[in-house]
Every structure is written in C-alpha cells, then in structure tokens.
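**Student:** Take this structure first; my questions come after.
Protein chains: 4
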Amino acid sequence: MAARAGRGADAASAQTGDPNLWDRVENASARRVLQAALVSFSERGYHATTTRRISQRADLSPTAMYAHYRSKMDLLVVISEIGHAAVLEAVDAAIADGTDTTDRVRRLVRTFTAWHARNHTVARVLQYEMRTIPAERFGPIRALRRDTEARLRDLLRAGIAESVFAIGDLEVATVSILSMGIDVARWYDGEPDPTALADAQSELVMRMIAVPNQERSEIG
Amino acid sequence: MAARAGRGADAASAQTGDPNLWDRVENASARRVLQAALVSFSERGYHATTTRRISQRADLSPTAMYAHYRSKMDLLVVISEIGHAAVLEAVDAAIADGTDTTDRVRRLVRTFTAWHARNHTVARVLQYEMRTIPAERFGPIRALRRDTEARLRDLLRAGIAESVFAIGDLEVATVSILSMGIDVARWYDGEPDPTALADAQSELVMRMIAVPNQERSEIG
Amino acid sequence: MAARAGRGADAASAQTGDPNLWDRVENASARRVLQAALVSFSERGYHATTTRRISQRADLSPTAMYAHYRSKMDLLVVISEIGHAAVLEAVDAAIADGTDTTDRVRRLVRTFTAWHARNHTVARVLQYEMRTIPAERFGPIRALRRDTEARLRDLLRAGIAESVFAIGDLEVATVSILSMGIDVARWYDGEPDPTALADAQSELVMRMIAVPNQERSEIG
Amino acid sequence: MAARAGRGADAASAQTGDPNLWDRVENASARRVLQAALVSFSERGYHATTTRRISQRADLSPTAMYAHYRSKMDLLVVISEIGHAAVLEAVDAAIADGTDTTDRVRRLVRTFTAWHARNHTVARVLQYEMRTIPAERFGPIRALRRDTEARLRDLLRAGIAESVFAIGDLEVATVSILSMGIDVARWYDGEPDPTALADAQSELVMRMIAVPNQERSEIG
DNA sequence: GATGAATGAGGATTCATTCAT
DNA sequence: TATGAATGAATCCTCATTCAT
Numbered sequence: 115m116a117a118r119a120g121r122g123a124d125a126a127s128a129q130t131g132d133p134n135l136w137d138r139v140e141n142a143s144a145r146r147v148l149q150a151a152l153v154s155f156s157e158r159g160y161h162a163t164t165t166r167r168i169s170q171r172a173d174l175s176p177t178a179m180y181a182h183y184r185s186k187m188d189l190l191v192v193i194s195e196i197g198h199a200a201v202l203e204a205v206d207a208a209i210a211d212g213t214d215t216t217d218r219v220r221r222l223v224r225t226f227t228a229w230h231a232r233n234h235t236v237a238r239v240l241q242y243e244m245r246t247i248p249a250e251r252f253g254p255i256r257a258l259r260r261d262t263e264a265r266l267r268d269l270l271r272a273g274i275a276e277s278v279f280a281i282g283d284l285e286v287a288t289v290s291i292l293s294m295g296i297d298v299a300r301w302y303d304g305e306p307d308p309t310a311l312a313d314a315q316s317e318l319v320m321r322m323i324a325v326p327n328q329e330r331s332e333i334g
Numbered sequence: 115m116a117a118r119a120g121r122g123a124d125a126a127s128a129q130t131g132d133p134n135l136w137d138r139v140e141n142a143s144a145r146r147v148l149q150a151a152l153v154s155f156s157e158r159g160y161h162a163t164t165t166r167r168i169s170q171r172a173d174l175s176p177t178a179m180y181a182h183y184r185s186k187m188d189l190l191v192v193i194s195e196i197g198h199a200a201v202l203e204a205v206d207a208a209i210a211d212g213t214d215t216t217d218r219v220r221r222l223v224r225t226f227t228a229w230h231a232r233n234h235t236v237a238r239v240l241q242y243e244m245r246t247i248p249a250e251r252f253g254p255i256r257a258l259r260r261d262t263e264a265r266l267r268d269l270l271r272a273g274i275a276e277s278v279f280a281i282g283d284l285e286v287a288t289v290s291i292l293s294m295g296i297d298v299a300r301w302y303d304g305e306p307d308p309t310a311l312a313d314a315q316s317e318l319v320m321r322m323i324a325v326p327n328q329e330r331s332e333i334g
Numbered sequence: 115m116a117a118r119a120g121r122g123a124d125a126a127s128a129q130t131g132d133p134n135l136w137d138r139v140e141n142a143s144a145r146r147v148l149q150a151a152l153v154s155f156s157e158r159g160y161h162a163t164t165t166r167r168i169s170q171r172a173d174l175s176p177t178a179m180y181a182h183y184r185s186k187m188d189l190l191v192v193i194s195e196i197g198h199a200a201v202l203e204a205v206d207a208a209i210a211d212g213t214d215t216t217d218r219v220r221r222l223v224r225t226f227t228a229w230h231a232r233n234h235t236v237a238r239v240l241q242y243e244m245r246t247i248p249a250e251r252f253g254p255i256r257a258l259r260r261d262t263e264a265r266l267r268d269l270l271r272a273g274i275a276e277s278v279f280a281i282g283d284l285e286v287a288t289v290s291i292l293s294m295g296i297d298v299a300r301w302y303d304g305e306p307d308p309t310a311l312a313d314a315q316s317e318l319v320m321r322m323i324a325v326p327n328q329e330r331s332e333i334g
Numbered sequence: 115m116a117a118r119a120g121r122g123a124d125a126a127s128a129q130t131g132d133p134n135l136w137d138r139v140e141n142a143s144a145r146r147v148l149q150a151a152l153v154s155f156s157e158r159g160y161h162a163t164t165t166r167r168i169s170q171r172a173d174l175s176p177t178a179m180y181a182h183y184r185s186k187m188d189l190l191v192v193i194s195e196i197g198h199a200a201v202l203e204a205v206d207a208a209i210a211d212g213t214d215t216t217d218r219v220r221r222l223v224r225t226f227t228a229w230h231a232r233n234h235t236v237a238r239v240l241q242y243e244m245r246t247i248p249a250e251r252f253g254p255i256r257a258l259r260r261d262t263e264a265r266l267r268d269l270l271r272a273g274i275a276e277s278v279f280a281i282g283d284l285e286v287a288t289v290s291i292l293s294m295g296i297d298v299a300r301w302y303d304g305e306p307d308p309t310a311l312a313d314a315q316s317e318l319v320m321r322m323i324a325v326p327n328q329e330r331s332e333i334g
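Keeping their order, the protein sequence lines are chains L, F, A and W.
Mapped onto the working numbering, the consecutive letters of the first sequence carry residue numbers 115 to 334.
Mapped onto the working numbering, the consecutive letters of the second sequence carry residue numbers 115 to 334.
Mapped onto the working numbering, the consecutive letters of the third sequence carry residue numbers 115 to 334.
Mapped onto the working numbering, the consecutive letters of the fourth sequence carry residue numbers 115 to 334.
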C-alpha cells in the first residue's frame with residue numbers, strides 16, 4: 115500500500131505540501147490522520163472519502179481517528195482553518211517585505227500563486243470543500259478569506275490613490291487577480307516550478323493594473 | 115419546497131441558466147430530472163446529492179429517473195457533456211464574430227466570462243465535479259476542454275506573431291486568462307451583471323497581453 | 115443476441131427439449147415468452163430471473179408478457195403443470211406398452227430417465243422450483259407427482275406379489291429409483307445419449323429389484 | 115419469531131444438522147449468522163432470502179453480518195465449502211473403516227446417504243445453490259465434489275477388477291448411486307430414520323452392482 | 001490510545017407490475 | 001396486442017459513529 119511507504123515525513127510532504135503546515139498538530143497519530151484526510155479529501159472530495167479510507171491511509175484502525183477528532187467534519191474544519199491561516203500568514207509576510215505599493219502587490223501575488231502551487235493538495239480542499247463546511251463552523255474561515263482578500267483590495271486601492279495603478283472596477287480586479295492564484299489549485303500538478311509560475315503570473319498581474327507607460331511618463 | 119414552485123420553465127431557468135442549453139433533451143421528464151440534478155449537484159456536490167432529492171425536485175417518484183438515465187453518474191456525464199459543448203460553441207461563435215486577433219480575444223474572454231456568470235450553476239458542476247467522472251467516460255469532456263483552451267492559445271500565439279500581443283509565457287497566460295473566467299463559477303452569485311463583469315474582465319485581460327502603448331506606437 | 119438467432123422453433127427446441135411439449139400454447143408470442151422463461155428459470159432459477167430478461171429473450175418489450183400471463187409466477191406454474199403432465203403421460207404410455215410387470219418397470223424407468231435427459235431444461239425447473247410455487251397453486255402439481263410416483267410403486271408392489279421382485283423397503287425403493295432419474299436433471303448436459311443412459315440406468319434398476327437368480331431358478 | 119426461541123445451540127442444531135459442522139467458525143455471532151443463512155437458503159433459496167431475514171434469525175441488527183462476512187454470497191460460499199468438505203471427510207472416514215472393496219462401497223453409500231438425511235438442510239443448499247456461486251469462487255467446491263465422486267468411482271473400478279462387481283457402464287453407475295443419496299436432500303423430512311434409510315439404500319446399491327450369485331459361486 | 005463488533009440511517013438501484021396510449 | 005413511462009416496495013450494502021474491552 116502506498117500509504118505504508120509514504121508514512122515517513124518526506125514522502126508524505128510530497129503530497130501534503132509544506133511540512134511545517136502541520137507542525138502545530140503535535141500528536142503524531144493525529145497528524146497522520148489529518149494528512150491522510152487531506153490527501154483523500156483533495157483527491158476524491160470530502161463526501162467521496164470514507165473514514166475507513168482515511169484510517170487505512172494513516173495505518174490505523176477504522177476507529178482510531180475518533181481518539182483525536184470528533185468527526186470527519188472536524189478533520190475538514192481543522193484542515194481548512196490551518197490552510198486558510200497559512201495563506202493569510204504567507205500573504206502578510208509577503209506584504210511586510212515589500213518596499214512600496216507596487217512591490218507589495220507583486221510580492222503578494224507571487225506568494226499567493228506560489229503557495230497554491232506548492233500546496234495544491236491543501237488548496238484544493240480549501241477551495242472545493244468550502245461549501246461543505248456547515249455555517250456554524252464557517253465563521254473563522256470566512257474571516258480569514260475576507261482578510262486575505264482585503265489585503266489585496268487595500269493595496270490596489272492604495273495604488274490607485276498613488277496613481278501607480280489604473281483600475282476600472284476595483285472589486286472585479288481584486289477577485290480576478292485572486293482567481294488566477296486560486297485556480298492554480300485546480301490544474302497544477304507539478305509543472306511549471308512554483309517560483310517560475312509565480313513570476314509569470316505576477317508579471318501578468320502587474321501589467322494588468324499598472325498605469326500605462328505613456329500616461330505614467332506624462333505624469334512623471 | 116421551492117422545487118415544486120419552480121416546476122415551470124421560467125422559474126427553473128433562473129437556476130439553471132440559459133434555458134436553450136437543455137433543449138436537446140427532448141423528453142420533458144428527462145429534462146426536468148436533468149435540471150433538478152444540475153441544481154443539486156451545483157448546490158451540494160455530486161456525492162452529497164441523493165437520487166431521491168433529484169426526483170423530488172423534479173416532482174417525480176424516487177425511481178422515475180431510471181426510465182431516462184442509467185444512473186446518477188449518467189446524469190453528471192450528460193450535464194457535463196452538454197455544458198462543455200455549450201462553452202465551446204459559445205467561444206467559437208465569439209471568435210467567428212471578431213474582426214482581428216485582438217478583437218477575437220476580447221470577444222472570447224468576454225463570452226467565456228459572461229457564460230460562466232450566466233450559467234454559474236452549470237459551470238460549478240463542470241469545474242468541481244470533473245474529477246468525479248470516471249476515466250472511461252471522461253474522454254469526450256477532456257476533448258472539449260482541450261479544444262476550448264486551444265482556441266485561446268491559438269489566438270494568443272497569432273497575436274504574438276502579429277506583434278499585437280506581448281506575452282512572456284504562453285502557457286501561463288492561457289491558463290491564467292481562463293482561470294479568471296472559470297473561477298467566476300466559484301464566487302458569482304448574480305452580481306455584477308454578467309455583461310458588466312465580462313467587460314471588466316476582458317479589459318483587464320487585454321491590458322495584460324497587449325503590447326505596451328509606447329512600443330506599439332513605435333511599430334505603427 | 116442469441117435470443118434473436120434462436121427465435122426459430124428448431125434452435126429453441128435445442129434448449130427447451132421436446133418441441134411438442136409447448137404445442138398446447140397456441141399463441142406464438144405466448145409460447146415464446148414461456149420458452150424464454152423456461153430457459154432462464156432453468157439456467158439461473160426463478161428468483162434470479164427478471165421479467166425483463168424473459169421479455170428480452172422472447173424479443174418482446176418488457177411488458178409484453180402481461181398480455182399473456184398474469185404474473186411471473188403464472189409462467190412458472192404453467193411450465194410446471196405442462197412439464198409434470200408430460201412426465202406422467204410419458205410414464206403411462208410406457209406402462210401401456212409393457213407386456214408384464216418386469217417389462218413395465220423397465221419401460222417406465224427407461225422412459226422416465228430418457229425424459230429427464232431429453233428435457234433436462236424443463237426437468238430442472240420442475241425439480242428445483244417446486245418449493246417456489248405457493249401452496250394455493252401447487253395442488254394440481256402435487257397430484258401429478260403423486261400419480262407418477264404411484265405408477266412405479268404399484269408396479270413394484272405387483273412384482274413383489276408376483277415374486278419377480280425382491281424389495282426390502284418398498285418406499286425407499288420407489289423413491290430411490292425415481293431419484294436416479296430425477297437427478298439426471300441436475301448433472302445432464304448432453305452426454306451420454308438419452309437412450310443409452312436410459313438403458314444403463316434401467317439395467318441397474320432391474321438388477322436392484324430382481325429376485326436373485328438362484329432363488330428364482332429354485333422357484334421356477 | 116421462531117428464530118428467537120431457537121437461539122440455543124440445541125434448537126438450532128435440529129435445523130442445521132450435525133452441530134460439529136460449524137465448529138470451525140469460532141466467533142459465536144459469525145456462527146449464528148451462518149446458521150441463520152443456512153436455514154433460510156435451504157428453506158427458500160438464496161435469492162429469496164434477504165439479508166435482513168438472516169440477521170433477524172440470528173438476533174442481530176440488519177448489518178451485523180457485514181462485520182463477519184463480506185456479502186451474502188460470502189455466506190453461501192462458506193456454507194458450501196464447509197458442507198462439501200464435510201461430505202468428503204465423512205466419505206473418507208467411511209472408506210478407511212472398510213475391510214474390503216465391497217465393504218468399503220457399502221460403508222461409503224451408507225455414510226453418504228445418512229449424511230444427506232441427517233444434514234438435509236445443508237445438503238439442500240449444497241445441491242440447489244451450486245449454480246448460484248460465481249465461477250471465480252466455485253473452484254474449491256468443484257474440487258471437493260470431484261474428489262467425492264472419484265472415491266466411489268475408484269472403488270467401483272477396483273471391485274470390477276477384483277470381479278466382485280459387475281457393472282456395465284462405470285460412469286452411469288457412479289453418478290446413479292450418488293444420485294440416490296443426493297436426491298435425499300430434496301425429499302427427506304425426518305422419515306425414515308437416517309440409519310434405516312442408509313441401510314435400505316446401501317442394500318439396493320449392493321444388489322445393483324454385485325456379481326450375480328450364480329456366477330460368483332461358479333467363480334468361487 | 002486503540003480496537004473489533006455492532007448499529008441506525010440512508011444510499012443507489014432493481015424489480016414486478018400498472019397505466020395511459 | 002403492444003409499449004414507454006412511471007411507481008412502490010424492497011434489496012444489498014455502505015457509512016459514520018458508538019461501545020465494551
């Protein structure tokens with residue numbers, strides 16, 4: 115069984131993305147269960163994943179997961195919370211490194227895209243199983259998503275104010291830029307290299323929002 | 115239940131998008147079943163949709179669908195085939211109307227985006243349940259997707275050759291542009307107006323790929 | 115489809131045994147349905163046979179059988195009645211041809227065995243689906259079976275009285291002799307030739323019941 | 115329901131024959147399920163038996179059987195394998211006890227018949243549901259049946275070589291003798307006593323195959 | 001913490017049969 | 001006579017979860 119071979123940290127990380135993501139889950143069994151769930155949810159979707167499959171992939175008995183999680187939905191919620199928090203953290207770190215608005219947007223997009231490529235397994239769960247999470251548990255996730263989106267929107271708005279960006283419809287621009295990164299989760303399977311992809315997409319985005327050369331030179 | 119009220123053609127089309135889409139399903143019951151499945155698949159996903167729900171929404175007995183479709187999976191496949199075919203048709207029609215490469219790309223993007231907004235219910239099924247379709251039935255769908263993607267790629271390539279587009283990475287550009295339209299299915303819920311959205315997105319795309327003004331003026 | 119090829123009388127009789135058996139069913143469609151049911155009941159059993167299968171094999175629509183028979187059970191009952199009646203008729207004809215008790219028993223056994231070989235398709239239904247027929251419809255069939263058994267028992271009793279047979283337990287002998295013929299339905303698949311099999315089995319039976327040579331010569 | 119009353123070992127064995135037969139099924143629930151299935155398969159046939167009935171008769175929830183068996187078919191296969199193995203074991207034990215060929219045949223027949231009377235519930239399943247078992251699982255059962263048949267055939271052949279048996283057609287004799295025992299499963303319902311029946315049938319068989327007195331005295 | 005057995009709810013699907021045509 | 005559509009009942013089985021150990 116592949117799961118058996120993949121029990122080690124390295125093999126697993128190939129499927130589950132950045133290994134540090136799951137560091138906060140301290141118990142080893144609990145982490146294995148979570149990663150097994152993650153891979154299955156990503157491959158087949160939440161409803162098509164059985165708790166037995168998860169357990170098998172984690173090399174545990176069918177009921178072992180209940181020692182660590184209250185339910186299958188719990189697994190999805192935890193994965194989703196960790197994932198969404200990680201995206202926001204990455205985005206915030208990227209912004210912090212930026213020197214000016216243009217640079218910050220470029221870094222944000224590059225990071226966002228690279229994250230979705232590198233962590234496309236988690237990303238798929240975040241995006242495709244959002245609707246699966248019941249309203250009463252969705253609150254924190256919604257907040258994280260809104261915050262992430264707000265980071266970009268605020269930068270775009272700032273750039274417009276600074277006259278470095280020319281954007282017709284701020285909302286459409288915000289969501290469209292994020293779409294390019296989010297949708298990476300759907301099609302990405304290792305190619306191209308996350309960094310290369312991130313560079314290419316961020317370049318496209320910058321051209322999309324930049325004030326056209328002529329006008330800028332006129333202004334400058 | 116809302117479904118009961120929605121049995122009429124108009125109410126249903128509000129949920130199922132362009133009513134002509136389902137014209138090719140001639141039997142009225144078969145069409146109602148298909149539309150009921152469509153709405154449920156879109157709202158809750160394939161696996162979370164029960165055949166009973168579908169039948170109920172179609173105002174038929176729990177087993178009536180089996181007179182028209184061999185299985186629940188059949189419904190998904192038919193929906194997916196019709197939907198993907200419709201996208202390609204729309205794209206082809208848009209291209210045919212264009213006057214030059216730039217115009218054709220703009221029309222393609224506008225149409226693609228508008229289609230995904232107007233038919234976001236179907237579009238959600240097309241994008242989110244692709245992995246659910248078993249390999250042996252996926253062939254025709256894959257072909258349609260590849261063709262649709264090829265339409266854009268070919269136009270971009272032509273524009274580069276004509277020096278009206280400046281694109282660093284053709285593949286990334288192709289998929290990123292489509293991502294903006296595809297991802298509309300995820301977030302769209304009636305706002306903004308499909309035409310307005312299509313105009314805004316196509317404008318973003320055109321700026322993204324157009325040769326910068328300066329250079330172009332140099333050439334002209 | 116094999117059924118289509120086998121629609122003619124000759125091909126069908128290969129599977130359904132003596133074609134005259136079904137002559138009394140005058141309507142051609144009704145007869146085709148009956149023979150289709152017969153073959154399926156024999157091959158897979160009554161409960162594993164669907165009415166759709168029967169109709170298909172008879173080259174008719176799934177509901178066509180209801181024009182001729184009230185239910186699936188009706189088919190089984192009719193087949194069973196015709197079959198059991200035919201066995202008794204054959205046995206009676208065999209007895210009628212016999213010259214003395216010994217000859218009559220030999221002819222009865224030979225005929226009984228040959229019938230089960232030649233009509234093993236029907237015979238299998240008669241024997242294996244007996245318990246399937248509900249009590250309220252089983253009366254006539256029970257009568258036919260009792261009569262057939264009585265024919266042999268009476269002959270054996272007569273032979274004992276005439277001192278041509280030496281039999282310890284009349285009941286066990288009766289049923290055991292019939293078992294040899296009945297069980298042919300279970301294993302027979304065309305080999306050996308029904309006549310050869312009938313000769314061999316009847317010889318075994320005659321030795322089984324005949325007064326031993328020594329004693330007979332003493333008596334004579 | 116009678117099943118509830120029959121939960122005790124003794125009551126069950128009245129229906130399921132030799133209780134030792136099921137000893138190899140160690141888990142008590144699994145054994146109860148198996149015996150419940152056995153009785154139902156025997157009474158109504160495999161296809162007419164629902165898994166619910168089996169569970170009810172075993173005093174378990176409708177799904178409890180799935181903890182022990184993978185499917186309803188699994189139950190049939192296990193029953194069939196255990197049953198056929200038991201027949202062969204009984205036959206082998208009988209042969210081992212014999213002093214010469216004639217004695218061995220007599221013992222074989224007596225044992226075979228008595229087994230089918232005593233275990234007529236299992237025997238009915240073995241004989242009537244053979245065709246129900248799919249080819250890919252039938253291998254071991256076919257082997258057991260062939261072995262059992264070979265035991266008799268080999269003895270008959272030996273007896274012919276030793277001139278203690280006079281048999282026209284070895285194959286017909288082999289199958290006909292077994293038929294007498296097998297068919298007991300069809301009609302037996304407690305009468306006569308298995309031993310008495312076995313004695314009567316074995317006597318019939320011995321007369322059927324023995325070299326006639328006269329000839330034998332000539333030889334001796 | 002971990003497990004094997006057990007369970008209730010529900011799932012897709014099949015089936016014999018009916019009905020309108 | 002024949003059919004396509006429709007249906008209610010039932011079937012096998014799966015699933016997430018619980019419980020005793």
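For every residue, glycine included, the Cβ atom is placed at its ideal position computed from N, Cα and C.
Is the shortest distance between the beta-carbon of F/Glu250 and the beta-carbons of chain L less than 8 Å?
**Tutor:** As a first step, residue 250 of chain F is located in the second sequence; it is residue number 136 there, counting from the start. No, its Cβ sits nowhere closer than 8 Å to a Cβ of chain L.
**Student:** On the DSSP letters alone, give me the boundaries of the alpha helix (DSSP H) that A/Arg321 sits inside.
**Tutor:** Looking up residue 321 of chain A in the third sequence gives position 207. 308-323 is the extent of the alpha helix (DSSP H) around A/Arg321.
**Student:** If contacts are defined as beta-carbon pairs under 8 Å, then F/Val205 and F/Phe226 qualify, I think. What distance do you get, rounded to the angstrom?
**Tutor:** Counting from one through the second sequence, the residue named residue 205 of chain F turns up at place 91. Counting from one through the second sequence, the residue named residue 226 of chain F turns up at place 112. The Cβ separation is near 6 Å, so the contact holds.
**Student:** Under three-state DSSP, which class holds F/Val278?
**Tutor:** Along the second sequence, read from residue 1 onward, the residue named residue 278 of chain F stands at position 164. Looking at F/Val278 - three-state DSSP - the assignment turns out to be coil, as it is neither helix nor strand.
**Student:** Mind the definition here: the segment 141-149 of chain W touches the segment 228-236 of chain A only if three or more C-beta pairs lie below 8 Å; say whether that holds.
**Tutor:** Short answer: they don't touch.
**Student:** Interface residues of chain L around F/Met322 at Cβ under 8 Å?
**Tutor:** By one-based count along the second sequence, residue 322 of chain F stands at place 208. Chain L residues near F/Met322: Leu318, Val319, Arg321, Met322.
**Student:** Determine whether the Cβ of L/Gln129 lies closer than 8 Å to any Cβ atom of chain F.
**Tutor:** Counting from 1 along the first sequence, the entry for residue 129 of chain L is found at position 15. Chain F, which has no Cβ nearer than 8 Å to the Cβ of L/Gln129, makes this no.
**Student:** Please list the terminal residues of the continuous alpha helix (DSSP H) segment that includes A/Ile296.
**Tutor:** Position 182 of the third sequence, counting from 1, holds the residue named residue 296 of chain A. Run containing A/Ile296: 284-296, per the alpha helix (DSSP H) assignment.
**Student:** Using 8 Å as the threshold, is the C-beta distance between A/Arg295 and A/Asn233 below it?
**Tutor:** Mapped onto the third sequence, residue 295 of chain A falls at position 181. Mapped onto the third sequence, residue 233 of chain A falls at position 119. Checking the displayed sequence, the identity of residue 295 of chain A turns out to be Gly instead of Arg. No. Outside cutoff.
**Student:** At 7 Å on the CB atoms, spell out the chain F contacts of L/Tyr242, in chain order.
**Tutor:** Locating residue 242 of chain L in the first sequence gives position 128, counting from the first residue. Correct list: Tyr242.
**Student:** Find the residues of chain W that neighbour A/His89, judging by a C-beta separation of less than 7 Å, and give them in chain order.
**Tutor:** The displayed coordinates of chain A run from 115 to 334. Any statement about residue 89 of chain A would go beyond what the structure contains.
**Student:** So W/Ser185 and W/Arg167 are in contact, right, with Cβ under 8 Å, and what is the actual spacing, rounded?
**Tutor:** Within the fourth sequence, numbered from 1, the residue matching residue 185 of chain W stands at position 71. Within the fourth sequence, numbered from 1, the residue matching residue 167 of chain W stands at position 53. Actually they do not touch by this definition, with Cβ atoms about 15 Å apart.
**Student:** Ordered along the chain, which non-local residues of its own chain (more than five positions away) have a Cβ less than 7 Å from that of F/Leu266?
**Tutor:** One-based indexing of the second sequence puts residue 266 of chain F at position 152. These residues qualify, in order along the chain: Leu222, Thr288, Ile291, Leu292.
**Student:** Look up F/Glu250 in the DSSP assignment and say whether it is helix, strand or coil.
**Tutor:** For the purposes of this step, residue 250 of chain F is taken as the residue at position 136 of the second sequence. F/Glu250: helix per DSSP, three-state reduction.
**Student:** Quick check: the Cα distance between L/Met115 and F/Ile247, rounded to an integer number of angstroms?
**Tutor:** Here residue 115 of chain L is taken as the residue at index 1 of the first sequence, counted from 1. Here residue 247 of chain F is taken as the residue at index 133 of the second sequence, counted from 1. Confidence is the limiting factor: at L/Met115 the pLDDT is only 31, short of 50, which leaves the residue's position unreliable and the question unanswerable from this model.
**Student:** Taking buried to mean at least 16 other C-beta atoms within 10 Å of its own C-beta, is L/Ser331 buried or exposed?
**Tutor:** For this step, residue 331 of chain L is matched to residue 217 along the first sequence. At L/Ser331, the pLDDT of 45 sits below 50, so the modelled position is not reliable and the matter cannot be decided from this model.
**Student:** Would you mind stating whether W/Leu284 and W/His198 have Cβ atoms separated by less than 8 Å?
**Tutor:** Position 170 of the fourth sequence holds residue 284 of chain W. Position 84 of the fourth sequence holds residue 198 of chain W. Not a contact, by the Cβ cut-off of 8 Å.
**Student:** My output table needs one value for A/Tyr242: the three-state DSSP class, helix, strand or coil.
**Tutor:** Within the third sequence, numbered from 1, the residue matching residue 242 of chain A stands at position 128. Three-state result, A/Tyr242: helix.
**Student:** What residues in the segment 189-207 of chain L have a beta carbon less than 8 Å from any beta carbon of chain F?
**Tutor:** Correct list: empty, as no residue qualifies.
**Student:** Can you tell me where the alpha helix (DSSP H) holding W/Glu157 begins and where it ends?
**Tutor:** Taking the first residue of the fourth sequence as position 1, residue 157 of chain W is located at position 43. Per DSSP, W/Glu157 belongs to the alpha helix (DSSP H) from 142-158.
**Student:** Can you tell me the Cα-Cα spacing of F/Tyr341 and L/Arg300, whole angstroms?
**Tutor:** Because chain F is modelled from 115 through 334, residue 341 of chain F falls outside the range shown and cannot be assessed.
**Student:** Take the Cβ of A/Ala249 as the centre, count every other Cβ of all protein chains shown within 10 Å, and call the residue buried at 16 or more, exposed below.
**Tutor:** Taking the third sequence and counting its residues from 1, the one referred to as residue 249 of chain A is at position 135. A/Ala249 should be labelled exposed.
**Student:** List, in chain order, every chain A residue whose beta-carbon is nearer than 7 Å to that of W/Val289.
**Tutor:** Here the question's residue 289 of chain W lines up with position 175 in the fourth sequence. Under the 7 Å cutoff, chain A gives Trp301.
**Student:** With W/Arg238 and W/Ser156 assumed to form a contact (beta carbons below 8 Å), what rounded beta-carbon distance in angstroms separates them?
**Tutor:** Locating residue 238 of chain W in the fourth sequence gives position 124, counting from the first residue. Locating residue 156 of chain W in the fourth sequence gives position 42, counting from the first residue. That pair is a contact at about 5 Å.
**Student:** Rounded to whole angstroms, what is the Cα-Cα separation between L/Val236 and L/Ala264?
**Tutor:** The count along the first sequence starts at 1 and reaches residue 236 of chain L at position 122. The count along the first sequence starts at 1 and reaches residue 264 of chain L at position 150. When rounded, the distance between both Cα atoms is 22 Å.
**Student:** At the level of alpha carbons, what is the spacing between F/Asn190 and F/Arg158?
**Tutor:** Taking the first residue of the second sequence as 1, we reach residue 190 of chain F at position 76. Taking the first residue of the second sequence as 1, we reach residue 158 of chain F at position 44. Note that residue 190 of chain F corresponds to Leu in the displayed sequence, not to Asn. Between F/Leu190 and F/Arg158, the C-alpha separation is close to 13 Å.
**Student:** Does chain L have any CB closer than 8 Å to the CB of F/Ser293?
**Tutor:** Counted from its first residue, the second sequence places residue 293 of chain F at position 179. Yes, F/Ser293 counts as interfacial toward chain L.
**Student:** Give the straight-line distance between the Cα atoms of F/Leu318 and L/Ala324, rounded to the nearest whole angstrom.
**Tutor:** Counting from one through the second sequence, the residue named residue 318 of chain F turns up at place 204. Counting from one through the first sequence, the residue named residue 324 of chain L turns up at place 210. Roughly 10 Å separates the two Cα atoms.
**Student:** Report the three-state DSSP secondary structure of F/Gly197 (helix, strand or coil).
**Tutor:** Taking the second sequence and counting its residues from 1, the one referred to as residue 197 of chain F is at position 83. Three-state DSSP puts F/Gly197 in a helix.
**Student:** Can the beta-carbon of A/Arg224 be found closer than 8 Å to that of W/Met322?
**Tutor:** Residue numbering aside, residue 224 of chain A sits at position 110 when the third sequence is read from its first letter. Residue numbering aside, residue 322 of chain W sits at position 208 when the fourth sequence is read from its first letter. Contact: no.
**Student:** Return the residue from the list L/Glu203, L/Gly273, L/Ser194 that minimises the CA-CA distance to L/Ile255.
**Tutor:** For this step, residue 255 of chain L is matched to residue 141 along the first sequence. Closest by alpha carbon: L/Ser194.
**Student:** Nearest chain W C-beta to A/Val325 closer than 8 Å, yes or no?
**Tutor:** For the purposes of this step, residue 325 of chain A is taken as residue 211 along the third sequence, with counting starting at 1. So, not an interface residue.
**Student:** For L/Pro326, I'd like the list of residues in its chain whose CB is within less than 8 Å of its CB, leaving aside the five on either flank, ordered along the chain.
**Tutor:** Position 212 of the first sequence, counted from the start, is the residue given in the question as residue 326 of chain L. Once the five neighbours on either side are set aside, the close Cβ partners of L/Pro326 are Ala280.
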